[in-house]
Amino acid sequence: MIAIAPRPRRPKPVRRFPPEVLAPDEVRALLDACNTQTLPGQRNRALLAFVYRTGLRIREALEVRPKDLDLERGAVRVLFAKGGRSRTVGIDAGGVAEVATWLNVRQRVASGAVPAWSPFAPVFCSVHGIRLTEAYVRRLLPHLARRAGIAKRVHAHGLRHTHAAELRAEGFDIGIISKQLGHASIATTARYLDHIAPWAVVEAVGAREWRLT
């Protein structure tokens, strides 16, 4: 009798849900959910505003140091980007104001109780000058979302998605968006935008004429 080998089981496909982009009032509620009566709360608010207005990956944002910031010109050097590619990105005046507020607080504290906050420590670090972890941010965001009453799934990459979707909605050239996000090619950015902000499909179908009257 010939033994028949069992058919190998196919792995179950991973269900991927469409990204949920946050509306401006939801981002505002998320920032306001940070307890700015505490140093970590002030830092967290600045960090989330920074990611929202630059579109950096969380890992990239956590590596930024004060010397990488040129707030007068609205520029941020990203030296530890994905794939080892460094780049410079822009940040608008509102984002600059949030980061500048945090840096002022950090400067005052560094000369007193927390000397570990040196100019060489990451901008967004612990009170002991230690780099925050991505796991910390992943835990933080759902907690703040619940406090803010946001029903959407809020996750570490969501603010990057929101930044990219807003740039597209505001009519930015895809080449600019690609450089801001640090993609290897415009083709990658096009696929990324079609996934997170399929406005062309939505608007085209939404413009159809109702013919049942």
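Each residue of the sequence shown is one higher than the last, beginning at 800 in this note's numbering. Note that beta-carbon positions come from the ideal geometry of N, C-alpha and C, so glycine has one too. If you're wondering where the values come from, they're calculated on a predicted model, not measured in any experiment.
Reduced DSSP category for residue i - H, G, I as helix; E, B as strand; rest coil
i       : result
ARG876  : strand
THR835  : coil
VAL1021 : Look at the range of the chain in this structure, 800 to 1012, and you will see that residue 1021 is not part of it.
ASP972  : coil
ARG930  : strand
LEU868  : strand
Residue interval of the alpha helix (DSSP H) (run including residue i)
i      : result
VAL850 : 838-853
ASP993 : 985-995
ALA860 : 857-862
CB contact check: residue i to chain C, cutoff 8 angstroms
i      : result
GLU969 : The structure shown contains no chain C, having only a single protein chain.
Limits of the beta strand (DSSP E) - the one that residue i falls within
i      : result
GLY889 : 886-889
Euclidean distance between Cα positions of residue i and residue j
i       : j       : result
SER984  : LEU958  : 21 angstroms
ALA1049 : THR837  : Limits of the chain in this structure are 800 at one end and 1012 at the other, which puts residue 1049 out of reach.
SER917  : SER925  : 12 angstroms
ASP972  : VAL1004 : 24 angstroms
LYS978  : ARG967  : 13 angstroms
PHE849  : ARG1010 : 47 angstroms
HIS956  : ARG872  : 26 angstroms
GLY974  : PHE919  : 33 angstroms
LEU992  : ARG884  : 21 angstroms
Is it true that the region 865-872 meets the region 937-956, where meeting means three or more beta-carbon pairs spaced less than 8 angstroms apart? no
Check whether the region 875-889 touches the region 855-862, counting contact only when three or more Cβ pairs, one atom from each stretch, lie closer than 8 angstroms. yes
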